[in-house]
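Here this note's numbering is used: the first residue of the sequence shown is 12, the next is one more, and so on.
Quick reminder that beta carbons are idealized off the backbone N, C-alpha and C, glycines included.
Predicted model, so just to flag it, every value in this text is computed and none were measured.
Quick notes on the structure that follows.
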Amino acid sequence: RFFDKVVDLDAACLVPMLSDVSGSLVPSMSHPAQSGKALKVVQLPPRKDGEKSLYPFDACGIYSREKFSQLGGFDWTIGNPYWQKLDFGMRSWLWGETIRYAQALKLNYDGQSPSLDTTPDGDYGRFWLKNLAPVNSGDSAVLPRSRLLSYMARSRKGPKAAFDEFKAARDWVEACAYRFKGDASRLADLWDPLS
Numbered sequence: 012r013f014f015d016k017v018v019d020l021d022a023a024c025l026v027p028m029l030s031d032v033s034g035s036l037v038p039s040m041s042h043p044a045q046s047g048k049a050l051k052v053v054q055l056p057p058r059k060d061g062e063k064s065l066y067p068f069d070a071c072g073i074y075s076r077e078k079f080s081q082l083g084g085f086d087w088t089i090g091n092p093y094w095q096k097l098d099f100g101m102r103s104w105l106w107g108e109t110i111r112y113a114q115a116l117k118l119n120y121d122g123q124s125p126s127l128d129t130t131p132d133g134d135y136g137r138f139w140l141k142n143l144a145p146v147n148s149g150d151s152a153v154l155p156r157s158r159l160l161s162y163m164a165r166s167r168k169g170p171k172a173a174f175d176e177f178k179a180a181r182d183w184v185e186a187c188a189y190r191f192k193g194d195a196s197r198l199a200d201l202w203d204p205l206s
C-alpha cells in the first residue's frame with residue numbers, strides 16, 4: 012500500500028517523519044519564508060500527510076528515480092551538505108516537482124540528530140547563483156548580467172574566480188531555462204505547506 016501512495020503523490024521525493032532517540036519529533040519539514048529580499052528556511056515538525064517540504068531533511072526520503080535523474084540529483088560541486096540538499100529541493104520546486112511528507116514513512120535516529128550548518132560559506136554562492144538569482148520571465152528563466160557585480164562584491168572570491176563561477180552558472184541556467192516554472196521570490200510568496 013505504501014508504494015502505491017508513492018506513485019499516487021507523484022512527488023520527486025517523499026520525506027519521512029523523523030524522531031530523535033527520546034521519541035520526540037524532529038522539526039524536519041522545511042518551509043521558505045521571505046524576509047525582505049532574503050529567503051529564510053523555517054524548520055517545523057510535520058503536521059499533515061502530503062505536506063510540502065522545501066528539501067529532504069538529512070537527505071532522508073524515498074526518491075522517484077526518474078524525477079531524481081531528470082532533476083540532475085544532488086550537485087556534487089556543492090560540498091556543504093546543507094546547501095547541497097537545499098539546492099536539490101529548490102531546483103525540484105523551481106522546475107515544477109514536489110517534495111512531500113508521507114505519514115506512513117517513519118524513521119528514528121539511534122544517535123544525535125544532525126545539526127544544520129546554515130552558515131553562508133563558499134558553497135552558498137553556487138547555491139545562490141543557481142536558485143535565488145535566476146529570474147523567471149514567463150516560460151523560462153535567466154540569470155541577469157546585472158547580478159554579476161553584486162555577486163562579485165559578496166562572493167569573497169577574487170574577481171576572476173567570481174566571474175568564472177558566475178559565467179558557469181549563467182550557462183547552466185541558460186541550458187535549463189525552459190525547465191524553470193518560477194523563481195525563488197514567487198515560490199516563497201505562494202508557499203502554502205498544506206496545498
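Which of helix, strand or coil does DSSP assign to residue i?
i    : result
A22  : coil
Y66  : coil
S103 : helix
S2   : No statement about residue 2 is possible, as the shown extent of the chain runs from 12 to 206 and does not include it.
A188 : helix
Who pairs with residue i in a beta bridge, going by DSSP?
i    : result
L179 : Note on identity: in this sequence residue 179 is Ala, with Leu being the wrong assignment. Beta-bridge pairing links A179 to no other residue.
Y112 : V26
L118 : L29
A49  : S46
By Cβ distance below 6 angstroms, which residues in the same chain neighbour residue i in space, the five residues on each side in sequence not counted?
i   : result
Q54 : P38 and S41
Y74 : C24
F85 : Q95 and F99
Considering only the alpha carbon of each residue, which of the options lies closest to residue i?
i    : options               : result
Y120 : V26, D21, A22 and G34 : G34
P43  : L65, P56 and D150     : L65
F138 : L116, Y162 and W202   : Y162
L127 : V32, F68 and L29      : F68
Would residue i count as contacting chain D if we go by Cβ distances under 8 angstroms?
i    : result
V153 : Going by chain labels, chain D is absent from the structure shown, which holds only one protein chain.
If you drop the 5 nearest sequence neighbours on each side, which residues of the same chain put their C-beta closer than 8 angstroms to that of residue i?
i    : result
P170 : M163
Problem - contact_flag[the segment 54-66, the segment 104-122] where n(CB pairs < 8 angstroms) is 3 or more - result: yes
Problem - Inter-stretch contact at 8 angstroms, needing at least 3 Cβ pairs: the segment 88-95 / the segment 115-134 - result: yes
Handout entry: Contact the segment 148-164 vs the segment 175-188: 3+ CB pairs below 8 angstroms
Key = yes
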